[in-house]
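Chains as they are written, first to last, in the numbering used here: chain A, 1 to 506; chain B, 507 to 1535.
Next up, the structure:
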């Protein structure tokens, strides 16, 4: 027994002596990347945090959190395909079947499309929130700080704008959430719009105008972008007086001009042109892949024809849209490829070449083969076309609409004819000025929006806000009171513990 | 001077005499010879030890020994591996007497005394209280495979080995007693006592034995890393006083594909395509207007599969002297792939030296040095986009492989990522080279005769490089052919080079204590401390536009593209560390009871401050019934043992090094400026989880070992229940959180099952034979997924456009989840009457509306298949007669389902399986297969039971016939034995599965048994030679 005790104590002594030597052996800090404790310290950190907010704008094909897999969820899926402007396309019915269902207003809440849109927006918002929380405390140049905070507010407002036009009232998150706060109920649409207006008003005060920014900062948010988004927010809520006030400000600022040549706007040289108010920047940086787009866009390849053109063939313009254009309107050939047209340097458009029976393809987000050579990674995510979110023509037509609703018919006519005049391009035989007032003027404005801004992801949202859903899309299954909004994702409702209420009818 | 020297000498001699008179005064010299009882052959290298002292010798080459003992009545222990130990007490005799004791050793047929390698020490088989299985060198080398893990398949119950691909060099997925975790379910490999990162650097012929520690108690000594079971590998070593033995093994074989899938030929394809297009309202393809003229077309599978050679050379040398032993081994292995030949080749060189030296009675040391060079060319595999197998199965049979001018042809019907696979193979240059050094050194000192201290240091250094070269190619006809699909040309060549380095060192200190107590009981204690450090770093460089398209000149400096965007480089580093202390106590009461208890405390850098350390206890007991009266009187019962164990182990290997914290990454970039400057953004990706901790695996096991008929019949039966708690799961958080959730320890799973092993050996007759078999029933169930229990979807299959696997509480991990079908609509009226499927017409699939809510949506999905087998089994039989030997090894799995995700239904013009000819063509034609059409508004091809197939299979895994030349013939060339053999592997597979191979592993833990174009395993015919000198 004594032996055992002696030996045991020898063993213990050995072990203890060895154990005590390396206590901090297990303290290892990551060498790649920083932790929250040592970030957000200086001006460079603040700038990087702001850029991260911009980075989320480029997310079109999102990894779905909690599910794995990827879901493309372009704005034009909802704005164009669901409307009467385009048909889905793709390789067949099995390609993006969820979108096929939404197109006929049979979309369900378990669709990856709405989930992707929801998650991406809130991810964008979270990055804005973490920056807004940490940047104010940094010791840096105060003018830069104010400007950065303004940019971040604008981006956050942009995400909420997208969310509320899709889903109506949504949870308003303006700070980082602790685990006990993960489950949130949604606010009303009015509350959400107020929040957006607040952010944009703040941003307008903090941001320089486009002309005040050097060319090297093209693409950053500016006063005009914030003002234009605010204009849209008012228009969506039919607050015509407020809308008119902001529209006047933008119009009289002298910041923006319509590009002389409409067809030029959507070429790669026409990016960030004189009429560009808010554009999401993309470039062919190559090396991107499906899980990580890097700087490129997928829109180019998604909208390009199949077959030897190598695209996926989505967003097929309908005959209905083609018929909307007046005779001789040059915007038709600038927006839509027709059989026989040359598709840039990729060859002539024939039905054999595409292998599909569609007669029309989108032209606005088309890249030539020369523009798209990407050596590294998958060529598909490397499209270089910027997303023209807000153009000056859009602002002019919104001003026209607001003017109409506030009784300023003269201003409305001025606006719509400015747009038509640019489209005419000097050819007086086409696109005569609009002169009539009353309901005919409203119809003319609606028509002008459709042909000026066609295939830019506006149509469905315009129809809904103009309360014309039943009238225009009723045949396709649109039911008033239900289909103005998209269903809130089923997964989000279950994860909210029942706090999130589904939109009516879903 | 000389006088002084003389006195000194006398002094020395006197001292020597005084000192040694203690010994000499009572010395007895005992000598003798040790022989095998049956054969009469003498046995060299037998350990002869004087009990309770350091005094020991070994028998020499002729089996003779001579030992001088210090006491008057010494007790001598004679032991040698494979024989039953003998203990001889010598009655006191006078000091001058020398005694002769001859020993005849009896074979330990039942293997009861076999010293089984356990964690940190050996234990006699008869005393083991945990659930442990051993596999010997003969079984390991009988199946010639590159990956040694494959040799475990079917050898013992409870161990399920499935390949993740049949491609040479690909990894295996091993599950011991079910899938225990959602993250990492691979067991821990320990080689010669050192936990090792995989065993691909070992050649099968270097291995002496493998022990599988299945239950918690035996694996407990490995604490936090033993949660999924432990596989102990012991390499061959020399033995003391062993005559030099040289072993040379070689084989050469030819591999061939064992099966082709039945697909449509060109004529059938044309008929179906025309029907499909007209059903959707499109005009037919002009090329397909007369199907009869198209004939058979291209059999793409035959075009990419080929016969490929496999070859192995291995040599082993072992020898030993009185105080040292040495083993040296080397091998060369090469295996070409049955797809792509050399493009899918694996080549490996290994070299090892293992040696031990005895410094004195109390001190010994040893070294193990391994060096391996692995070289692998790989083709893409197991994804439904751009792999040769998927392309060959989906490519239309009308397109020829090459055009008359010899260039590869492209399809006029399919675009997107289904392209010419033969061209893809020709243009794939993807090579991995790894140089790996694994070395260890130990020193052991006996403080007292029963207390020793051992310190081991080991290092594992692996340098890997990968080179992927993508040359330009153009399948177009002429220059800039407008009809050429996008994937059939590459405009710019690209080179990607990766260098990575993996270093790992471990330091272990162990104290062992053995004590025979007065009442005949035995006590053994081991206690230890170990530290481990891992570091991984990598460097990646990419450039495009290399000057030539020649793969031999593919180096980054040959790029002619000077633009800023093209060169890309990245690199990083990651580390982790591990610290543990442990103690194990064994207590034996006579021959009847043995108990074992272990406690281990582990700390890891991967966990947050709050939970850095974990404590893992276990306990086991065994009761040997053999000496009980009612057992003794039945002389046909040789040995019966009941055992039970309980223990807790941990699992930390699936966790990232920094998952507990939120890291802010750079690289969230954007571009500003008319000149498009990329600017850097930074932000966090995940939320942090400072409470991150170990997964705990708690296992209870009861078992019985029975040997009957003098050890000829042996049975082992076990029942176990294994619960994994605190399982890490990335539980979905609401989207409003914004950041990706980090893994939290909220989930739990349960595996339970019964294992049975039976073997019968009869070595007595001129024909000696042995038969064996094992069967395991394992049931797997998820018991918790965190608060709210959100299920997890996984396994996205592009052809179905949806996820296929689902993990939820109460069901097995990653089961198949989809729509149930209920026949085909035969008429349009029938389709219209069914309002839950508004887009259906005659010929479309009827989906069952499970909740009768009038809609077919996500809530109508149910379980459509279970990838886990009901049971797995294996049988082996060996017969030896005169010089001939025959062995058969059969293996099978029953009840596992496979989701067939091979065909790309999202593309309308792919080739289809022959079953597509059974499509619906009119009322009453079929109730199983829908109509074929380019337009599918009903989504007939969504995830449903149509694509779940029974993957049960039975395989003749190995059939071998060999002949050993008789002694005289072999002695003529100086060999002590010479055996030649012929063998066939995967000779026959019986299965109902329509795909290429029913044995499909996993792609991560949550995607099990989904076929996405699996590279099948080949049938191999080979001939070989084993020679010993």
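By construction, the Cβ of each residue, glycine as well, lies at the ideal position given by its N, Cα and C atoms.
It should be emphasised that the depicted structure is a prediction, and the values quoted were computed from it without experimental measurement.
Residue 1098/B to residue 1356/B, Cα distance in whole Å? Looking up residue 1098/B in the second chain gives position 592. Looking up residue 1356/B in the second chain gives position 850. For residue 1098/B and residue 1356/B, the distance between alpha carbons rounds to 59 Å.
Alpha carbon to alpha carbon, how far is residue 498/A from residue 468/A? Indexing the first chain from 1 puts residue 498/A at position 498. Indexing the first chain from 1 puts residue 468/A at position 468. Taking the straight line from one Cα to the other gives about 32 Å.
Whose CA, out of 1031/B, 1309/B, 1328/B, lies closest to the CA of residue 1322/B? For the purposes of this step, residue 1322/B is taken as the residue at position 816 of the second chain. Relative to residue 1322/B, the option among 1031/B, 1309/B, 1328/B whose CA is nearest is 1309/B.
Using beta carbons (cut-off 7 Å, strictly below), is residue 216/A in contact with chain B? Numbered from its first residue, the first chain carries residue 216/A at position 216. Put simply, the CB of residue 216/A is near chain B, with a gap under 7 Å to one of its CB atoms.
Would you list the residues sitting across from residue 1200/B in a DSSP beta bridge? The residue labelled residue 1200/B in the question sits at position 694 within the second chain. In the DSSP output, where bridge partners are listed per residue, residue 1200/B has none listed.
Assigned secondary structure, residue 402/A (DSSP; H/G/I helix, E/B strand, else coil): Within the first chain, the letter at position 402 stands for residue 402/A. Correct three-state label for residue 402/A: helix.
Mind checking if residue 411/A is an interface residue toward chain B, Cβ cutoff 7 Å exclusive? Here residue 411/A is taken as the residue at index 411 of the first chain, counted from 1. For residue 411/A, the answer is no, since every Cβ of chain B falls outside 7 Å of its Cβ.
Residues in the region 1394–1418 of chain B with C-beta within 7 Å of chain A's C-beta atoms, listed in sequence order? Residues passing the 7 Å Cβ filter: 1411, 1412, 1413, 1414.
Kindly indicate which residue of 1120/B, 558/B, 549/B, 1370/B has the alpha-carbon position closest to the one of residue 568/B. As a first step, residue 568/B is located in the second chain; it is residue number 62 there, counting from the start. For the residues 1120/B, 558/B, 549/B, 1370/B, the minimum Cα distance to residue 568/B belongs to 549/B.
Any heavy atom of the ligand ZN closer than 6 Å to the beta-carbon of residue 1286/B? As presented, the structure is devoid of all ligands, the ligand ZN included, so that no description of it is given.
Beta-carbon neighbours of residue 1177/B, restricted to chain A and to distances below 8 Å: Numbered from its first residue, the second chain carries residue 1177/B at position 671. Against chain A, the beta carbon of residue 1177/B has neighbours under 8 Å at 219, 281, 282, 283, 285, 295, listed in chain order.
Which one of 488/A, 500/A, 495/A has the shortest CA to CA distance from residue 112/A? Counted from its first residue, the first chain places residue 112/A at position 112. For residue 112/A, the closest of 488/A, 500/A, 495/A by C-alpha to C-alpha distance is 488/A.
Assess contact between the region 899–916 of chain B and the region 793–808 of chain B, defined as three or more Cβ pairs (one per stretch) separated by less than 8 Å. Is contact present? Yes, since at least three Cβ pairs between the region 899–916 of chain B and the region 793–808 of chain B fall closer than 8 Å, the two stretches touch.
Could you pull the DSSP bridge partners for residue 874/B from this structure? The residue you call residue 874/B lines up with position 368 of the second chain. Answer is 860/B, 946/B.
If we require 3 or more residues per run, which beta strand (DSSP E) segments fall completely within the region 1119–1152 of chain B? Entirely contained in the region 1119–1152 of chain B, the beta strand (DSSP E) runs reaching 3 residues are, in chain order, 1119–1130.
Roughly how many angstroms lie between the CA atoms of residue 1228/B and residue 316/A, to the nearest whole one? For the purposes of this step, residue 1228/B is identified with residue 722 of the second chain, where counting begins at 1. For the purposes of this step, residue 316/A is identified with residue 316 of the first chain, where counting begins at 1. Residue 1228/B and residue 316/A have their C-alpha atoms spaced approximately 56 Å apart.
For residue 1146/B, is the classification buried or exposed, using 16 other Cβ atoms within 10 angstroms of its Cβ as the cut-off for buried? The sequence position of residue 1146/B within the second chain is 640, counting from 1. Buried is the call here.
Note down, in chain order, all residues in the region 1211–1245 of chain B with a beta-carbon under 7 Å from any beta-carbon belonging to chain A. From the region 1211–1245 of chain B, only 1238, 1239, 1240, 1241, 1242, 1243, 1244, 1245 have a Cβ closer than 7 Å to chain A.
On a CA-only basis, which of 1482/B, 1528/B, 1468/B, 1455/B is nearest residue 1498/B? Give me that one, please. Position 992 of the second chain, counted from the first residue, corresponds to residue 1498/B. The candidate whose alpha carbon is nearest that of residue 1498/B is 1455/B.
Within 10 angstroms of its Cβ, does residue 748/B collect 16 or more other Cβ (buried), or is it exposed? Within the second chain, residue 748/B is the residue found at index 242, counting from 1. When all chains shown are included, residue 748/B counts as buried.
At least 3 beta-carbon pairs within less than 8 Å: the region 70–87 of chain A vs the region 1204–1211 of chain B: Taking a cut-off of 8 Å for Cβ pairs, the region 70–87 of chain A and the region 1204–1211 of chain B do not touch, as fewer than three such pairs fall below it.
Please tell me whether residue 653/B and residue 666/B are closer than 7 Å, where the distance is taken between their beta carbons. Residue mapping note: residue 653/B aligns to position 147 of the second chain, counting from 1. Residue mapping note: residue 666/B aligns to position 160 of the second chain, counting from 1. Their beta carbons are not under 7 Å apart, which means residue 653/B does not touch residue 666/B by this criterion.
I need the DSSP call for residue 1535/B, collapsed to helix, strand or coil. Taking the second chain and counting its residues from 1, one reaches residue 1535/B at position 1029. If DSSP states are grouped into helix, strand and coil, residue 1535/B belongs with coil.
Cβ of residue 171/A within 7 Å of any chain B Cβ: Here residue 171/A is taken as the residue at index 171 of the first chain, counted from 1. Contacts with chain B at 7 Å (Cβ-Cβ) include residue 171/A.
Can you look up residue 1367/B in the DSSP assignment and give me helix, strand or coil? Stepping through the second chain from its first residue, residue 1367/B is reached at position 861. Looking at residue 1367/B - three-state DSSP - the assignment turns out to be coil, as it is neither helix nor strand.
Quick one, are the C-beta atoms of residue 711/B and residue 647/B less than 7 Å apart? Counted from its first residue, the second chain places residue 711/B at position 205. Counted from its first residue, the second chain places residue 647/B at position 141. For residue 711/B and residue 647/B, yes; Cβs fall inside 7 Å.
Contact set between the region 1432–1449 of chain B and chain A, restricted to residues whose Cβ is under 7 Å from the partner: So the close ones are 1440, 1441, 1442, 1443, 1445, 1447.
Looking at chain A, which residues of the region 1118–1130 of chain B have a Cβ within less than 7 Å of any of its Cβ atoms? Per Cβ criterion, the list reads 1118.
Starting from residue 200/A, follow its DSSP beta bridges and name the residues at the other end. Counted from its first residue, the first chain places residue 200/A at position 200. Paired residue(s): none; residue 200/A is not in a bridge.
Does residue 827/B have its Cβ less than 7 Å from a Cβ in chain A? Working through the second chain from its first residue, we reach residue 827/B at position 321. So, not an interface residue.
According to the Cβ coordinates, are residue 937/B and residue 977/B closer than 7 Å? Your numbering for residue 937/B matches position 431 in the second chain. Your numbering for residue 977/B matches position 471 in the second chain. No, the pair does not count as a contact, with Cβ atoms beyond the cut-off.
Threshold first: 4 residues or longer. Then list the alpha helix (DSSP H) segments lying entirely within the region 213–271 of chain A, N to C. The region 213–271 of chain A contains these whole alpha helix (DSSP H) runs: 223–236, 240–253.
Checking contacts by CB at 7 Å: is residue 213/A closer than that to chain B? In the first chain, the residue the question calls residue 213/A occupies position 213. So no, residue 213/A is outside the interface.
Residue range of the unbroken alpha helix (DSSP H) whose run includes residue 411/A: Within the first chain, the letter at position 411 stands for residue 411/A. First-last of the alpha helix (DSSP H) with residue 411/A: 409–424.
Is the Cβ-Cβ distance between residue 1360/B and residue 1403/B less than 7 Å? For the purposes of this step, residue 1360/B is taken as the residue at position 854 of the second chain. For the purposes of this step, residue 1403/B is taken as the residue at position 897 of the second chain. Their beta carbons are not under 7 Å apart, which means residue 1360/B does not touch residue 1403/B by this criterion.
Find out if the Cβ-Cβ distance for the pair residue 726/B, residue 1153/B is shorter than 7 Å. Residue 726/B sits at position 220 when you count from the first residue of the second chain. Residue 1153/B sits at position 647 when you count from the first residue of the second chain. Yes. Within cutoff.
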